[in-house]
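Counting in our numbering, the sequence shown runs from 236 upward without gaps. Single-structure report; data block below.
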Amino acid sequence: MKTYIPKNDEQNWVVVDAANVPLGRLATLIASRIRGKHRPDFTPNMIQGDFVVVVNAQQVALTGNKLDGKVYTRYTGYQGGLKTETARQALAKHPERVIEHAVFGMLPKGRQGRAMHSRLKVYAGQTHPHAAQKPQTLEVK
């Protein structure tokens, strides 16, 4: 009996415009695209998704009271070193990390998820340096 092994040679690049798109909708679309769940030959234990380039990260929408209510925390490793910042502060300082944080939480945990995370490229403005890969535009509904 011959087992079917999906080919992993397709490396598509996709551009997503994050302007005025809710963060959660954007993150779920990106995470499923990076995992490769849109492909008919999806295999959970293989990385066969697309490379995703996100532009206009600073214009992503947060609905409701999330700009002030959503809090990102990190720990420095020192006593009393718990740093917190709201989503409004995070978008002002480093808007790329807000989208990366949301998408990373939706990827598998472990070494495969960390490898998939490197397929995400986020930029605060309209321009990106990946024009040589000829990325296709993906519309967010």
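All residues carry an ideal CB built from backbone N, CA and C; glycine is no exception. A quick note: this is a predicted structure, and the numbers were derived from the prediction, not measured.
Contact between L261 and I334 holds: CB atoms are separated by about 7 Å, below the 8 Å threshold. Within the segment 293 to 375, complete alpha helix (DSSP H) segments of at least 4 residues are found at 301 to 304, 322 to 328, 330 to 339 and 346 to 352, given in chain order. In this structure, R268 sits near V249, with a CB-CB distance shorter than 8 Å. Cβ contact annotation for A350 (same chain, cutoff 8 Å, sequence separation greater than five): I282, in chain order. Bridge partners of V251 according to DSSP: V289 and L373. Contact between A266 and V338 holds, with the beta-carbon distance rounding to 5 Å and staying under 8 Å. Under a 10 Å Cβ-count criterion, P279 is classified as exposed, with fewer than 16 other Cβ atoms of the shown protein chains found around its own Cβ. The beta carbon of A296 is closer than 8 Å to those of N255, V256, P257 and L258 in its chain, skipping five residues each way along the sequence. The bridge partners DSSP lists for P279 come to none.
If you draw a straight line from the Cα of Q368 to the Cα of A292, it is about 20 Å long. Straight across, the Cα-Cα distance linking D285 with E245 is about 8 Å. By the Cβ-count criterion, G271 is buried, with 16 or more other Cβ atoms from all chains shown falling within 10 Å of its own Cβ.
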